[in-house]
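**Student:** Residue numbers (this note's numbering): 5 to 390.
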Amino acid sequence: MINTDIPFHLPVIEDEEIRGVEETLRTGWLTTGRKTKLFEEEFARYVGTNHAVAVNSCTAALHVALEALKIGPGDEVLVPTMTFTATAEVVLHLGARPVLVDCDRETLNIDVSDAEGKISSQTRAIIPVHFGGQPCDMDGIKDLSRRHNLRIVEDAAHALPARYKGRMIGSLGDITCFSFYVTKTITTGEGGMATTNNPEWADRMRVMSLHGISKDAWKRYSAEGSWYYEVLSAGFKYNLTDIGAALGIAQLRKCDRFQRARQAIAAQYNSSFADIPEVAPLAVHAEVEHAWHLYVIRLDLASLRIDRNEFIERLKEKRIGSSVHFIPLHLHPFYRDQFAYEPSQFPNATFAFERIVSLPIFPSMTAEQIRHVTTSVREIVEQSRR
Ligand SMILES: *Cc1c(COP(=O)(O)O)cnc(C)c1O
């Protein structure tokens, strides 16, 4: 037994992050400025894209991305049901309609053939979510988008860094959106980034993320900038602060190290669970490099006397934090009632939801903590076999 709790997640905050924030505070420039610009440049280089627009959340990035692609009233956007509400709510904020799509049973990524079946004459875009950090079937999605003239906005909240057929997520789709929320693979406290190779979309996202104003904040407010600006649209207030960017710069430079640590944890979980038939990790396709933001197991309920909720309670008794990603959108009251969805319309997501548990996977996990998770999972299963 261990004597402290294992949290579900813990961000890695070291001297570089603290020094970066302190230095920013001492400059007196706290809002969007040089640090944000530097963070954008380093991020664009890291994922291999021409433009990166920093904002204060992934939700904001998704919102300005769809706006830049002129998604609006009368349009439909394909959204996986196996995601967080942010992915779908932004579609509604633009007056368009999110059309939910089932997931693949083995990866929980969007089921491309189900997506195809839900395309209508109004469908304009698809938002694949790289579930847990495993890239979706991007060839299938690109083929679909070509045949049906759809824009692709990737929700890469989990997928930094991740690769599809050797190419970094962030360099593939029309626009890709990342999250720096505190539980994600790197954090700015709250923050996000939209990447694209299209200069017009980048410019539009920049403008809309700061009140629809035609200049970057740092130029507008800085001494060398002019007082003059023009409002081009009714924009949003979505800019990232330099305090957050200072955190982000320090975190981005450690992103590969964090990923290696998570990969090692995932490998230990995989080998420990290989001989427990009641516990099935998600499948990982050979053509991807996984970010391992989440480590999800599926319980074989038919051979256990406990359900998923009870399993989570047992983990809690052993002082292990866990979570469920996700409660599918079609099961939430809002989406269920607003769009009259039935669980049977999404058989794979509904089936998976009853069985999934996300285990702790964060870079600072100790060997003892990892071992405690694997032995606890084994113990719980052995005590609950039918
Ligand atoms: C966390 C998350 C978001 C939202 O990110 P924020 O930065 O908190 O806005 C969007 N989509 C998915 C799949 C997420 O997990």
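Every residue, glycine too, gets a C-beta built ideally from N, C-alpha and C. Note that the structure is a prediction, hence the values are computed from the model and not measured.
Ligand 1 and Lys241: does any heavy atom of the ligand fall closer than 7 Å to the residue's C-beta?
**Tutor:** Checking every heavy atom of ligand 1 against the Cβ of Lys241, none is found closer than 7 Å.
**Student:** Would Thr180 pass as a contact of Gly252 if the rule is Cβ separation under 8 Å?
**Tutor:** Contact flag unset, no.
**Student:** Going by alpha carbons, who is nearest to Ser230 out of Ser218, Thr53, Leu236?
**Tutor:** The candidate whose alpha carbon is nearest that of Ser230 is Ser218.
**Student:** Tell me the rounded alpha-carbon separation between Met86 and Ile331.
**Tutor:** The alpha-carbon atoms of Met86 and Ile331 are separated by roughly 7 Å.
**Student:** Once DSSP output is grouped into helix, strand and coil, what is the label at Ser183?
**Tutor:** If DSSP states are grouped into helix, strand and coil, Ser183 belongs with the strands.
**Student:** If you measure from the beta carbon of Ala268 to each beta carbon in chain E, is any gap under 8 Å?
**Tutor:** Of the protein chains in the structure, only one exists, and it is not chain E.
**Student:** Which stretch, first to last residue, makes up the alpha helix (DSSP H) that contains Met142?
**Tutor:** Looking at the DSSP string, the run of the alpha helix (DSSP H) that includes Met142 is 142–152.
**Student:** Going by DSSP, what residue range makes up the beta strand (DSSP E) through Val105?
**Tutor:** Segment 101–105, the beta strand (DSSP E) holding Val105.
**Student:** Count the other CB atoms, across all protein chains shown, that sit within 10 Å of the CB of Glu317; report buried if there are 16 or more and exposed otherwise.
**Tutor:** With fewer than 16 Cβ atoms within 10 Å of its Cβ, Glu317 is classed as exposed.
**Student:** Is it true that the CB of Thr199 sits closer than 8 Å to the CB of His55?
**Tutor:** Yes, the pair counts as a contact, with Cβ atoms nearer than the cut-off.
**Student:** Checking the sheet assignment: what are the DSSP bridge partners for Leu286?
**Tutor:** DSSP output for Leu286 lists no bridge partner at all.
**Student:** With H, G and I counted as helix, E and B as strand and the rest as coil, what does DSSP make of Ala221?
**Tutor:** Unreliable positioning characterises Ala221 in this predicted model, as indicated by a pLDDT of 49, which lies under 50. The coordinate reading is nonetheless provided below. In this structure, Ala221 counts as helix in the three-state DSSP scheme.
**Student:** Measuring alpha carbon to alpha carbon, tell me which residue in Ala249, Thr354, Gln267, Asn201 is nearest Gly37.
**Tutor:** Out of Ala249, Thr354, Gln267, Asn201, Ala249 has the C-alpha closest to the C-alpha of Gly37.
**Student:** Taking only heavy atoms of ligand 1 into account, decide whether any of them is closer than 7 Å to the Cβ of Phe395.
**Tutor:** This structure gives no information on residue 395, because the portion of the chain shown stretches from 5 to 390.
**Student:** Beta-carbon within less than 8 Å of Asn243's beta-carbon, same chain only, minus the 5 sequence neighbours each way: which residues are those?
**Tutor:** So the qualifying residues of the chain are Thr35, Thr36, Thr40, Ala58, Val59, Asn60, Ser213, Leu214, Ala221.
**Student:** Return yes when the C-beta of Val133 is under 7 Å from any heavy atom of ligand 1, and no when it is not.
**Tutor:** Yes, the Cβ of Val133 comes within 7 Å of a heavy atom of ligand 1.
**Student:** If you follow the alpha helix (DSSP H) that Glu158 is in, where does it begin and where does it stop?
**Tutor:** Counting along the chain, Glu158 falls outside any alpha helix (DSSP H), though it belongs to the beta strand (DSSP E) covering 155–159.
**Student:** Alpha carbons only, please: which of Val361, Leu363, Ala353 is nearest the one belonging to Val105?
**Tutor:** Ranking Val361, Leu363, Ala353 by Cα distance to Val105 puts Ala353 first.
**Student:** Taking C-alpha atoms, which residue in Lys322, Glu321, Val328 lies nearest to Arg312?
**Tutor:** Ranking the options by Cα distance to Arg312, first place goes to Val328.
**Student:** Can you check the region 188–221 for any beta strand (DSSP E) of at least 3 residues that lies completely inside it and give the ranges in chain order?
**Tutor:** Segments of the beta strand (DSSP E) lying fully in the region 188–221: 196–200.
**Student:** Since Ala161 and Glu293 should fall inside the 8 Å C-beta cutoff, what is the C-beta to C-beta distance between them, to a whole number of angstroms?
**Tutor:** Not a contact, Cβ separation roughly 17 Å.
**Student:** Is any heavy atom in ligand 1 found nearer than 7 Å to the beta carbon of Ser362?
**Tutor:** For ligand 1, not one heavy atom lies less than 7 Å from the Cβ of Ser362.
**Student:** Helix or strand or just coil, what does DSSP make of Arg23?
**Tutor:** Three-state result, Arg23: helix.
**Student:** What is the rounded straight-line gap between the Cα of Ser307 and the Cα of Thr28?
**Tutor:** So the alpha carbons of these two residues sit roughly 55 Å apart.
**Student:** Compute the beta-carbon to beta-carbon distance between Glu120 and Arg101, rounded to the nearest angstrom, for a pair I have assumed lies under 8 Å.
**Tutor:** That pair is no contact at about 18 Å.
**Student:** Cβ of Tyr185 within 7 Å of any heavy atom in ligand 1?
**Tutor:** Within the cutoff, so yes.
**Student:** What residue range is occupied by the uninterrupted alpha helix (DSSP H) comprising Thr91?
**Tutor:** Note, Thr91: alpha helix (DSSP H), 89–97.
**Student:** Which value, in whole angstroms, describes the spacing of the CA atoms of Lys241 and Glu26?
**Tutor:** Cα to Cα, Lys241 sits roughly 25 Å from Glu26.
**Student:** Tell me, please, which residues DSSP counts as bridged to Ser362.
**Tutor:** Ser362 pairs with Val300, Ser327.
**Student:** Can you confirm whether the region 275–282 touches the region 152–159 when touching is taken to mean that 3 or more C-beta pairs between the two stretches lie within less than 8 Å?
**Tutor:** Touching, no, given that fewer than three Cβ pairs across the two stretches are closer than 8 Å.
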